[in-house]
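Residue numbers (mature numbering (1 follows the signal peptide of the UniProt record, and there is no 0)): -24 to -1, 1 to 139. Built from N, CA and C at the ideal position, the CB exists for glycine as well. These figures come from a predicted structure and were not determined experimentally. Contents: one structure, followed by commentary.
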């Protein structure tokens, strides 16, 4: 019984440490997109080989966002691509060992390097976002909600241009 109480107390304390900013990110129906982090001042191009592809819950939790982890001359970087459903609908696919060139906005999330992909080129070219960061799959104007600046920042300098 004591272990159960201690576990409940620890969970409550951990939840309270997350603060109101964390709950804003977790609200179902609040359309918080990675695209809110898009910064035209950090646009660049990078090339590399896909090491793995991940599906990460995003937005309102109704879909997965496809991420591609790339091996580049400057180390690994995660490319944030598009919702899984959008990629399936458009017949867009990416797999480990694909060689790709990605243009997008470089940023850091919790200190890790990311590129918010605007265009991905490999066997074919995928247009994923406009020059202002608006996703190709966006409907209406609810795609651009201000992010929590404590959690994310656009601080990663763009790597050298692709060959």
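- Distances from the CA of residue 60 to each of 42, 11, 105, 94 were compared; the closest alpha carbon is that of 42.
- The straight-line gap separating the alpha-carbon atoms of residue 18 and residue 82 is approximately 5 Å.
- For the region 10 to 64, the continuous beta strand (DSSP E) assignments of 3+ residues that do not extend past its boundaries occur at 19 to 34, 39 to 48, 51 to 59, in sequence order.
- With respect to the 8 Å criterion, residue 27 and residue 72 are classified as neighbours on the basis of their beta carbons.
- Counting along the chain, the unbroken beta strand (DSSP E) around residue 78 starts and ends at 75 to 85.
- Counting only the Cα atoms, residue 65 lies some 23 Å from residue 54.
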